[in-house]
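Just so we're aligned: the sequence shown equals residues 11 to 271 in the numbering used here. Note that the Cβ used here is the ideal one computed from N, Cα and C, for glycine as well. Computed from a predicted model, the values in this text were never measured in an experiment. One structure below.
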Amino acid sequence: MNRARPDGLHSVAIYWDFENLHAGLVDEKSGEGTYVKPDNRFKVQEPLVEIQSIVELAASFGPIAINRAYCNWQYYGRYRDQLLQSAVELIQLFPPGASAKNGADIKLCLDAAEDVARFTHIETVLIVGGDSDFMPVAQKIKAAGRTLIGLGTRRSTNRHWAKSCHEFRYYENLVEDSGSAADTDGPAPAADMLRRAVRLLAEKSGEPWVLKASIWPMIKRLDSSFDPREHGHAGFAEMLKALGPLVEIRKGESDHEVRLR
């Protein structure tokens, strides 16, 4: 029997059509149709996808229960460190022919539909990719009462697929927002983690002020191994106090509220 989480939080499932996203970025960088050329597609690929930004978006909706990416990984070894750090489960798919698709969208849709039917604690589904092939599974996910978030590049995303989601994010905007929030001088790990957590909570709520009590759970979703003591702070409260120049704190109705300065 599936049971609700004791902390009351619903889980998130991420399904990546990884080659679709990577191909879109290659075409944006080098011109339309560049990726599909055999001498470009069937070779070791240079990393272009900012995986952490997408995982952080998913974490803003709740704890990540499923993080599964579909691709012919023999050409994507240079993404290894990013994928491992983000705890992505890799599903290997071999294309049946030299010019054939690897069937990632079909396998992805089947798995997503099955998981939504089996796991009642999954409340939000994030599908990374821009194909119109995702439209049928979008209907299944919404009919099951779950929230569907889509993400893809502007150039390669089918507009009908984008409109079939409850919410659709363009990759370019996501990366731009993540980059603008970063300190080009290289912030300390604790400061960077606090900034990321508050930014994501503010984006989710649409308000700059976020509840203080919501920040620590968000930090642990972003990095379950993060410990303030490793960065010179006795605990989260002391860390927040020490990082006063980064955030502004005020008293709210039920809890203190925090926003980035």
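Exercise for the section: Give a yes or no on contact between the region 76-94 and the region 26-36, applying the rule of three or more CB pairs nearer than 8 Å. Expected result: Yes, they touch.
Practice task
Return the chain-ordered list of same chain residues with a C-beta closer than 8 Å to the C-beta of A212, the five sequence neighbours on each side being excluded.
Solution key: Closer than 8 Å at the Cβ level, and outside the excluded window around A212, lie P218, W219, V220, R269 and L270.
Handout entry: Three-state secondary structure assigned by DSSP to E217
Key = E217 falls in the coil class under three-state DSSP.
Problem - DSSP three-state assignment for R156, whether helix, strand or coil - result: DSSP places R156 in coil when its eight states are reduced to three.
Practice task
For S70, count neighbouring Cβ atoms within 10 angstroms of its own Cβ and tell me buried if that reaches 16, exposed if not.
Solution key: By the 10 Å Cβ count, S70 comes out buried.
Practice task
Could I get the ranges of all uninterrupted alpha helix (DSSP H) runs contained in the region 129-153, with 4 residues as the minimum, in chain order?
Solution key: Counting only runs that start and end inside the region 129-153, the alpha helix (DSSP H) elements of at least 4 residues fall at 145-153.
Practice task
With a 10 Å radius around its C-beta and 16 neighbouring C-beta atoms as the bar for buried, classify Q292 as buried or exposed.
Solution key: In the structure as shown, the chain begins at 11 and stops at 271. Residue 292 is therefore absent and cannot be evaluated.
Exercise for the section: Classify R206 as helix, strand or coil using the three-state DSSP reduction. Expected result: In the structure shown, the three-state DSSP call for R206 is helix.
Exercise for the section: Could you check if S235 is buried or exposed, using at least 16 other CB atoms within 10 Å of its CB as the buried criterion? Expected result: S235 comes out exposed.
Exercise for the section: With DSSP as the reference, please indicate the residues paired to H266 in a beta bridge. Expected result: Its beta-bridge partners are K261.
Problem - Beta-carbon proximity of G140 to S166, cut-off 8 Å - result: A contact, by the Cβ cut-off of 8 Å.
Exercise for the section: Excluding the 5 residues preceding and the 5 following I229 in the sequence, name in chain order all residues of the same chain whose CB lies nearer than 7 Å to its CB. Expected result: Contacts found: M203, A207 and F236.
Problem - Distance, P238 Cα to L256 Cα - result: Going by the C-alpha atoms only, they are around 16 Å apart.
Handout entry: N168: first and last residue of the uninterrupted alpha helix (DSSP H) it sits in
Key = First-last for N168: undefined, no H or E at that position.
Problem - Between the CA atoms of S63 and F129 - distance to the nearest angstrom - result: Cα-Cα distance, rounded: 25 Å.
Handout entry: Assigned secondary structure, Q55 (DSSP; H/G/I helix, E/B strand, else coil)
Key = Three-state result, Q55: coil.
Exercise for the section: Would you please verify whether the beta carbon of K230 is less than 8 Å from any beta carbon of chain D? Expected result: Checking the listed chains, one finds no chain D in this structure; it contains a single protein chain.
Practice task
Run the CB neighbour count on D265, radius 10 Å, all protein chains shown included, and call it buried at 16 or more, exposed below.
Solution key: Exposed is the call here.
Exercise for the section: Could you tell me whether the Cβ atoms of L136 and V59 are closer together than 8 Å? Expected result: In terms of Cβ geometry, L136 and V59 do not form a close pair [threshold 8 Å].
Handout entry: Classification of E267 by the beta-carbon crowding that lies within 10 angstroms, buried from 16 upward
Key = By the 10 Å Cβ count, E267 comes out buried.
Practice task
With distances taken Cα to Cα, identify the nearest neighbour of R78 among Y45, P105, D125 and G43.
Solution key: When C-alpha distances from R78 are compared across Y45, P105, D125 and G43, the shortest belongs to D125.
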